[in-house]
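Converting from the sequence shown to the working numbering requires adding 21 to each position, the first position being numbered 1.
A virtual CB, placed ideally from N, CA and C, is assigned to each residue, including glycine.
What you are looking at is a predicted structure, and each value in this text was computed from that prediction instead of being measured.
I have placed the structure first, in the form of C-alpha cells, so that the comments after it can refer back to it.
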Amino acid sequence: MMPVEDWELARHAAAGDNNAFTALVRRYQKPIIHFCYRMTGSLPDAEDIAQEAFINLYRSLGRLRQASAFSTVLFCYARNAAMNHLRAAGRLRRRLAAFEQAQGDPGARAARPDDTARAEELSAVLEAGVSVLAAEYREVFVLREFQRLDYQAIAEVVGCPVGTVRSRLARAREQVRAYVATRYGEDWC
22 MMPVEDWELA RHAAAGDNNA FTALVRRYQK PIIHFCYRMT GSLPDAEDIA
72 QEAFINLYRS LGRLRQASAF STVLFCYARN AAMNHLRAAG RLRRRLAAFE
122 QAQGDPGARA ARPDDTARAE ELSAVLEAGV SVLAAEYREV FVLREFQRLD
172 YQAIAEVVGC PVGTVRSRLA RAREQVRAYV ATRYGEDWC
C-alpha cells in the first residue's frame, strides 16, 4: 500500500478527519521539533513551539493552498512560531550572555581521548557556533545543514529570494567557522 500524500492528508484533515491530521503530526513531529530545538537550544521550548506550529496549521487547514511542498508550508509555521517565541521571551539575548559566561570555564572544553568523546565535543562546538548566529542566519543554516532543505524550499520558508538564502548561508557558515576557529583553534574547522 502506498503512503498517502501530505496534501491529501491535509485535505482530509480540513474536512474533519482527525486521523489524517494525526498522521501528518506523526510524519513531521520529529523534524519540526529538531528544527525548533536548533532555533532555541531548549528541548521543552522546542516541543512547545512545535505544538504551537501544529495547532496554527490545524486552524488554517481550510485556507491552505498547494503552491509548495507541504513540508515547506509546515516549516513556515514552525519558523514563525520559533521567531515569535524568541522575540517575545528575549531568549536569544539571555542565551548569548549565558554562553559567553560559560566560555570562561576552562573545564567546559576538556578534551577526551576516545572517538565518541571527540564526536560529542565536535557536536557541542558546532552547537555553540550556531547559537551565536543572528536569527536570520541561524534559520537558513539550520534548515540547510540540519534539515537538508534545498535553497528554494528555504526561500519559501523564510520568505526571501533564493539569492538571499545563499548569501545568508554563506555568511552563517563563515561566522560559524570563524567562531569555532577563534575559540577552539583552526584544527576544528
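Residue i classed as buried or exposed, judged by whether at least 16 other C-beta atoms fall within 10 angstroms
i       : result
Gly-37  : exposed
Leu-170 : buried
Arg-59  : buried
Endpoints, the alpha helix (DSSP H) within which residue i is located
i       : result
Arg-187 : 183-205
Phe-75  : 64-80
Gln-173 : 172-179
Val-161 : 156-162
Cβ shell of residue i (< 7 Å), same chain only, five flanking positions each side left out
i       : result
Arg-165 : Ile-175 and Leu-190
Tyr-158 : Arg-189, Arg-192, Ala-193 and Gln-196
Inter-residue spacing [alpha-carbon to alpha-carbon] between residue i and residue j
i       : j       : result
Phe-96  : Pro-52  : 9 Å
Phe-91  : Val-183 : 19 Å
Leu-117 : His-106 : Summary for Leu-117: the model assigns pLDDT 49, below 50, so the residue's position carries little reliability; its value from the coordinates is reported in the next sentence. Answer to the nearest angstrom: the Cα atoms are 16 Å apart.
Thr-137 : Phe-167 : 20 Å
Pro-134 : Gly-62  : With a pLDDT of 48 at Pro-134, under the threshold of 50, the predicted position of this residue should be treated as unreliable, though the coordinate-derived value follows. Taking the straight line joining both Cα atoms gives about 27 Å.
Ala-109 : Ala-67  : 15 Å
Val-151 : Glu-141 : 15 Å
Ala-102 : Asn-77  : 9 Å
Ser-84  : Ala-199 : Looking at the sequence provided, one finds Arg at residue 84 rather than Ser. Taking the straight line from one Cα to the other gives about 44 Å.
Asn-40  : Glu-148 : 36 Å
Ala-35  : Pro-65  : 28 Å
6 Å Cβ shell around residue i - same chain, five flanking residues per side excluded
i      : result
Ala-71 : Ile-53, Ile-54 and Cys-57
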